[in-house]
DNA sequence: TCCGGTCTGCGCACACTGTACGCACAGCGG
DNA sequence: CCGCTGTGCGTACAGTGTGCGCAGACCGGA
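Residue numbers (full-length UniProt numbering), protein chains in the order written: chain A, 1 to 247; chain B, 1 to 247.
Here it is, written out as structure tokens:
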């Protein structure tokens, strides 16, 4: 009992130097990303995050308005990892866009929790990293020959595709991670259940079975690549039409 | 105090007939959807849901393993609202896929909370409604002339695009809803902030400004349509190549 | 008519969450 | 030396998911 309440005397008060160089917004966000990467989104609580920074939960609120704001910051932070090649005129645009798309996907797979969080954060596009990313992508499409307004639509289409695919992959990978197993092991364990569920549907069942032959990771890669190529084909065809019409 | 603890006597115990026809899984899921539609995802708690059903929170656990399972059920439920046209051979496939894509988007906009929830639910594709949807879409692509394995890739691409776009729209709409304003009012209120944030980026700023002229809803519709058409163009071109090669 | 068993709802309790509030202390300019 | 401002934290509160075990409802058989 006596140990519970600190004795209010100057002598009992230890003059604790802060060995951590104090708290800062950047530090908090960085540690949050590390926590999310390590333990997933359900493990991110203000108390746990505080503990990791040798701080109390409520201390964080000096640097971050609330949990939602922290999440916005964290999202913008990982958006900063995405690389966009410099805008190069001519035919280079397609490869550049593809590079960027793969970079976004790689980011999502590095931080699978983004998937569960992207839908919750409104206005993510106002973050500085997101704005920078959008601006550079816009430049890419403009340099390719798209008018500005259409460049915006093209950009959104590519991101929508990449994020949609990324979310589905990330949800799968999060589940694999929770199982503690290898991706392939997990798929094999799931096999009887999935096959039974697909039983009523002939085509679906056949597709399930034939897909088992492939390594799941390779299947994911190919699927992502396939759709991206189709979308780029469509954009490319459209560009040809716009340019021949415009002059 | 005495009113707090019930007196353990036969006489005090009221013989309450259940006017609600008891609890059932379907009822719980349906009410959860209604609650989510009305108050958003953060309002879904077991206690609130129970209260809406004239039941205690823990009663729900007789019919649903836990909250995560409830969410899986809810997601599959709304997937059931999506309509897929019957597979028709020939050129009809493109229109049919587009119809289905628009139907998915409409569902997401009807239930914007799906966006925040889709990333959290692994294995959503094992739900009966999802399986049915996938099977019918697979049929559509196969009838169009895609080999089964490629039909699966095509289907995933379209869904990825639609879901990615839908999530971004839903996040925006959820924010609008929280503001209690009209979509257009909200956009105008946001305008100074957004413009200031875009200031450092010339192209982005120009794009922001010129987009303000349009009604936001119309802009969203056009954006969705644009990307979908590009993707379908790409798939269509690919189909022509496959068919001319295969025979 | 009664009996036993199974199914369903619920009160309670526990550990945990986000966060408002206000105190205690550090570092500062005067 | 005094105050002021900025930072960390202890406490507290309302609310969360959910495990546990009791109580009553219902049902097939004697």
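From the three backbone atoms N, C-alpha and C, an ideal C-beta is built for every residue, glycine too. A quick note: this is a predicted structure, and the numbers were derived from the prediction, not measured.
Open item on the list: I'd like to check one pair, residue 75 (chain B) with residue 114 (chain B): are the Cβ atoms closer than 9 Å?
Closed with: yes
- [ ] To the nearest angstrom, report how far apart residue 193 (chain A) and residue 215 (chain A) are at their CA atoms.
- [x] 18 Å
- [ ] Would you check if the stretch 122 to 137 of chain A and the stretch 202 to 213 of chain B touch, i.e. whether three or more CB-CB distances between them fall below 8 Å?
- [x] yes
Open item on the list: If I measure Cβ to Cβ from residue 142 (chain A) and keep anything under 8 Å in the same chain, skipping five residues before and after, which residues do I get?
Closed with: 87, 148 and 151
TODO: Kindly list the residues whose CB is nearer than 8 Å to the CB of residue 117 (chain B), restricted to its own chain and excluding five residues on each side of it in sequence; keep chain order.
DONE: 41, 71, 74 and 75
Task: Per-residue DSSP class, three states only, for residue 7 (chain A) - done: Because the pLDDT of residue 7 (chain A) is 42, which lies under 50, any placement of that residue in the model is unreliable, and the question is left without a value.
Task: For residue 137 (chain B) and residue 60 (chain B), the rounded distance between their alpha carbons - done: 34 Å
TODO: Report all residues from its chain with a CB closer than 7 Å to the CB of residue 121 (chain A); omit the five preceding and five following residues, and keep chain order.
DONE: 71, 72 and 75
Open item on the list: With a threshold of 8 Å on Cβ separation, who are the neighbours of residue 273 (chain A) within its own chain once the five nearest residues in sequence on each side are excluded?
Closed with: Because chain A is modelled from 1 through 247, residue 273 (chain A) falls outside the range shown and cannot be assessed.
Open item on the list: Between the alpha carbons of residue 168 (chain A) and residue 225 (chain A), how many angstroms are there, rounded?
Closed with: 15 Å
Open item on the list: If you follow the alpha helix (DSSP H) that residue 112 (chain B) is in, where does it begin and where does it stop?
Closed with: Counting along the chain, residue 112 (chain B) falls outside any alpha helix (DSSP H), and DSSP gives it neither H nor E.
Open item on the list: Helix, strand or coil for residue 134 (chain A)? Go by DSSP, reduced to three states.
Closed with: helix
- [ ] Taking residue 173 (chain A) as the reference, give the member of A:154, A:77, A:238 and A:106 with the closest Cα.
- [x] A:106
- [ ] Can you tell me the Cβ-Cβ gap for residue 35 (chain B) and residue 22 (chain B), rounded? I've got them flagged as a contact below 8 Å.
- [x] Not really, about 19 Å apart at Cβ, beyond 8 Å.
Task: Best match in A:227, A:25 and A:85 for proximity to residue 165 (chain A) [C-alpha to C-alpha] - done: A:227
TODO: Between the Cα of residue 127 (chain A) and those of B:199, B:96 and B:92, spot the shortest distance and give me the residue it belongs to.
DONE: B:199
- [ ] For residue 98 (chain B), name the three-state secondary structure that DSSP assigns.
- [x] helix
TODO: Flag this pair as yes or no: are the beta carbons of residue 230 (chain B) and residue 241 (chain A) separated by less than 9 Å?
DONE: no
Task: Test: residue 189 (chain B) CB closer than 9 Å to a CB of chain A - done: no
- [ ] For residue 112 (chain A), collect the residues of the same chain with a Cβ closer than 6 Å to its Cβ; drop the 5 residues on either side in sequence, then sort them by chain order.
- [x] 170, 173 and 174
- [ ] Using a cut-off of 7 Å between C-beta atoms, extract the partners of residue 46 (chain B) located in chain A.
- [x] By Cβ distance, chain A contributes nothing, its closest Cβ being about 16 Å from residue 46 (chain B), past 7 Å.
Task: Entirely enclosed alpha helix (DSSP H) segments - the stretch 152 to 224 of chain A, minimum 4 residues - done: 183 to 198 and 202 to 211
Task: Within chain A, the residues that residue 231 (chain B) reaches when beta carbons sit closer than 7 Å - done: 230, 231 and 234
TODO: Quick one: list the residues of chain A neighbouring residue 107 (chain B), beta-carbon separation under 9 Å, in chain order.
DONE: Those within 9 Å of residue 107 (chain B) in chain A number zero; the least Cβ separation is about 15 Å.
- [ ] Check the Cβ-Cβ distances between residue 16 (chain A) and every residue of chain B, and say whether any is below 9 Å.
- [x] Here residue 16 (chain A) scores only 44 on pLDDT, less than 50, and its place in the model is too uncertain to base an answer on.
Task: Three-state class that DSSP yields for residue 60 (chain B) in the structure shown - done: helix
TODO: Step through the CB atoms of chain A and report whether any lies within less than 9 Å of the CB of residue 153 (chain B).
DONE: yes
Open item on the list: Quick check on the DSSP output: the alpha helix (DSSP H) that includes residue 44 (chain A) runs from which residue to which?
Closed with: Looking at the DSSP string, residue 44 (chain A) is not in any alpha helix (DSSP H), and its letter there is neither H nor E.
Task: Where the alpha helix (DSSP H) containing residue 28 (chain B) begins and where it ends - done: 25 to 39
TODO: With a cut-off of 8 Å on the beta carbons, I'd call residue 234 (chain B) and residue 80 (chain A) a contact; round off their distance for me.
DONE: Actually they are not in contact, since the Cβ atoms of residue 234 (chain B) and residue 80 (chain A) sit about 30 Å apart, beyond 8 Å.
Open item on the list: Among the candidates A:47, A:125, A:218 and A:97, whose CA atom is the shortest distance from the CA of residue 66 (chain A)?
Closed with: A:47
Open item on the list: So residue 104 (chain A) contacts chain B; which residues on that side make the cut at Cβ distance below 7 Å?
Closed with: Under the 7 Å cutoff, chain B gives no residues; its nearest Cβ is about 11 Å from residue 104 (chain A).
- [ ] Determine the contact status of residue 62 (chain A) and residue 236 (chain A), defining contact as a CB-CB distance below 9 Å.
- [x] no
Task: Outcome for residue 38 (chain A) when other beta-carbon atoms lying within 10 angstroms are tallied against a minimum of 16 - done: exposed
Task: chain A residues whose Cβ lies nearer than 9 Å to that of residue 27 (chain B) - done: Those do not exist, as residue 27 (chain B) stays about 24 Å from chain A at its closest Cβ, beyond 9 Å.
Task: Cutoff 8 Å; reference residue 9 (chain B); Cβ partners in own chain excluding five residues on either side - done: Here residue 9 (chain B) scores only 41 on pLDDT, less than 50, and its place in the model should not be relied on; the value that follows carries that caveat. Within the same chain, residue 9 (chain B) has no close Cβ partners at all.
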